[in-house]
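Residues 2 to 189 (my numbering) make up the sequence shown, in order. Where is the CB? At the ideal position from N, CA and C, for every residue including glycine. In this text, all values refer to a predicted model and were calculated from it rather than measured experimentally. Below you'll find the structure, written out as structure tokens, and then a few comments.
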Amino acid sequence: MRMVAIVAVAVVVTACGGSDPLSFEEYFDAVGWLSADYQEERDDLTASYLGDLDAAITALQRSVDESDTAAVEDLSEEAFELTNAETAKLFASIGDALARFGDGLGDLDPPVDVEPLHAELVRSVQLAAAGIPGLLDAVAEAESFETLDSAIAGSVFNDAQPRLEGACRRLEEDASERGVPTDLSCGP
Numbered sequence: 002m003r004m005v006a007i008v009a010v011a012v013v014v015t016a017c018g019g020s021d022p023l024s025f026e027e028y029f030d031a032v033g034w035l036s037a038d039y040q041e042e043r044d045d046l047t048a049s050y051l052g053d054l055d056a057a058i059t060a061l062q063r064s065v066d067e068s069d070t071a072a073v074e075d076l077s078e079e080a081f082e083l084t085n086a087e088t089a090k091l092f093a094s095i096g097d098a099l100a101r102f103g104d105g106l107g108d109l110d111p112p113v114d115v116e117p118l119h120a121e122l123v124r125s126v127q128l129a130a131a132g133i134p135g136l137l138d139a140v141a142e143a144e145s146f147e148t149l150d151s152a153i154a155g156s157v158f159n160d161a162q163p164r165l166e167g168a169c170r171r172l173e174e175d176a177s178e179r180g181v182p183t184d185l186s187c188g189p
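Right, here's the structure in full:
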């Protein structure tokens, strides 16, 4: 439903020649919808990843005879390989969601007074998205749970998260100062 509203705003802007920026209310509503959609998709992807991974590892554990030491040793390797593959899928999907979020933000024509904050949010989303390929490469090279954790923690994507949340919060504060109540779903 929110995407319909965003498309409607875009159609109105285009029909009016596309040269006038959105009003503050239209702009903050559109950013709020885009941000909420991204956060919701990211939360859903993460919850699905954790649930699916937990179920798969539990099934692996149940399939192993605990008295067979070789099978128990193989279990850890199989659990890592499964975790590694699912982690790569998760971040690839988050990268797709980030790209849609960035594209949606890029399609907006913000009010002139908000352009610097808007540009910072767009740059932050682009930086996070640009970190995904390197993260996927590092995940593919990980050989243990420890190196997988290090790959994620040391990624540009991970480093970009505080910048993205900060840019979102500054925009949200600007909306509040302008008397436009909005929740941009800026994350934790």
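DSSP-derived helix/strand/coil call for residue i
i: Arg101; result: helix
i: Ser156; result: coil
i: Gly188; result: coil
Spatial distance of residue i from residue j (CA atoms)
i: Ala152; j: Asn85; result: 11 Å
i: Asp1; j: Tyr28; result: There is no way to answer for residue 1, as the model of the chain reaches only from 2 to 189.
i: Asp21; j: Pro111; result: 9 Å
i: Ser145; j: Ala89; result: 14 Å
i: Ala6; j: Ala120; result: In this prediction, Ala6 scores a pLDDT of 45, lower than 50, which makes its location untrustworthy; no coordinate-derived value is stated.
i: Val126; j: Trp34; result: 15 Å
i: Gly135; j: Gly96; result: 11 Å
i: Glu78; j: Glu67; result: 15 Å
Among the options, nearest to residue i - alpha-carbon criterion
i: Ala176; options: Glu67, Glu79, Gly188 and Asp114; result: Asp114
i: Phe158; options: Leu118, Ala100, Glu173 and Ser186; result: Ala100
i: Asp160; options: Leu51, Ala131 and Leu149; result: Ala131
For residue i, the first and last residue of its enclosing alpha helix (DSSP H)
i: Leu1; result: Not covered by the structure: residue 1. The range shown for the chain is 2 to 189.
i: Ser36; result: Phe25 to Arg63
Below-8 Å beta-carbon distance, residue i vs any chain B residue
i: Glu142; result: Protein chains in the displayed structure number just one, and chain B is not present.
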